[in-house]
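Notes to accompany the following structure.
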Amino acid sequence: MRPIDLTDFAEKFAANDDPWRTYSDRDEAVKRTAILHALGPGPLGRVLELGSGNGSNSRAIAARALRLDATEGTAEGTILTADAIAGRRRARAIQLALPARLPRREYDAIVIAELLYYLPPQAMKSVALRVAQALRSGGRLVLAHHRIDYYDFVQHAETIQQRFLDLTGLSWRTDTMRRKRRWHVIVARLVCQSHPGG
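Here our numbering is used: the first residue of the sequence shown is 1, the next is one more, and so on.
Following this line, the structure appears as structure tokens:
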């Protein structure tokens, strides 16, 4: 099997609005709870979500954010995300194929879940640098990813979150919110406050 790309993701969302059962699977609910715990009780200011998929996490995050930019690479997923956050006036679904410029210059929190191993290494580096520049001093970066490989990954899952942080060229303090055999949720905060290129 070849690694999945945006066209494949679009086809999956067109055929099934919950192809990975992120709304119905109990383990996904546990992971979502860990992500929310990593964000803190809120209310949060400006929050960025990269790779929102069908919006199952976006809906929960929007309840805690004063402003949420939930970004998704496919038109199909963006529509599903918009449906998930409908009624939240300060939350918006944005189609954004990474690596691309982020919607705002600064965020109080950034959430990246089940995304990094689908990016080629150079694209992941570009995203890492953009995220590091956009996260405000004292902000939270929440990473939630599998620890085991699946057939459609571009990169290996093990240590993907640490590799992403290393690509920023900055120092981070990380705390584990939840670790299971298959996945890991962490929150990272900058130790060094100077940003790349700053």
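Note that beta-carbon positions come from the ideal geometry of N, C-alpha and C, so glycine has one too.
Identify, in the order they occur along the chain, each residue of the same chain with its Cβ nearer than 8 Å to the Cβ of residue i, setting aside the five sequence neighbours on each side.
i: A123; result: L98, P99
i: S58; result: E49, S52, L68, A70, T81, A84, I85, A91, A93
i: A14; result: E76
i: D3; result: Strictly speaking, residue 3 in this sequence is Pro, with Asp absent from that position. Within the same chain, P3 has close Cβ partners Y118, D152, F153, V154.
So which of the options has the shortest CA-CA distance to residue i?
i: I110; options: T78, E158, L36, G169; result: L36
i: S201; options: A84, A38, A65, L190; result: For the chain, the structure presents residues 1 to 198; residue 201 sits outside this window and is missing.
i: I112; options: L6, R88, L135; result: L135
i: L119; options: R21, I61, T71, I160; result: I160
i: V185; options: V191, Q155, L141, L167; result: L141
i: D108; options: G139, L115, P43; result: G139
i: E72; options: P103, Q95, P121; result: Q95
i: L102; options: D27, N54, R26, R130; result: R130
i: T168; options: P19, K125, A144; result: K125
i: L6; options: T78, R89, R88; result: T78
For residue i, which beta-bridge partners are listed by DSSP?
i: W172; result: L190
i: D69; result: L48, R92
i: R140; result: A109
i: H37; result: Partner(s): none; H37 has no beta bridge.
Cutting at 6 Å between CB atoms, please list the residues of its own chain near residue i, excluding the five before and the five after it.
i: A10; result: T74, E76
i: M1; result: Since pLDDT at M1 reaches only 47, below the 50 mark, its modelled position is unreliable, and no value is offered.
List the whole-angstrom C-beta distance separating residue i from residue j, where the pair is believed to meet the contact cut-off of C-beta under 8 Å.
i: L80; j: D8; result: Wrong, their Cβ atoms sit about 16 Å apart, outside the cutoff.
i: R182; j: I148; result: 6 Å
i: W172; j: A188; result: 4 Å
i: P121; j: Q155; result: 7 Å
State the DSSP-derived secondary structure class of residue i, mapped to helix, strand or coil.
i: I61; result: helix
i: Y107; result: strand
i: T22; result: coil
i: A10; result: helix
i: Q155; result: coil
i: L98; result: coil
i: L135; result: strand
i: R179; result: strand
i: I148; result: coil
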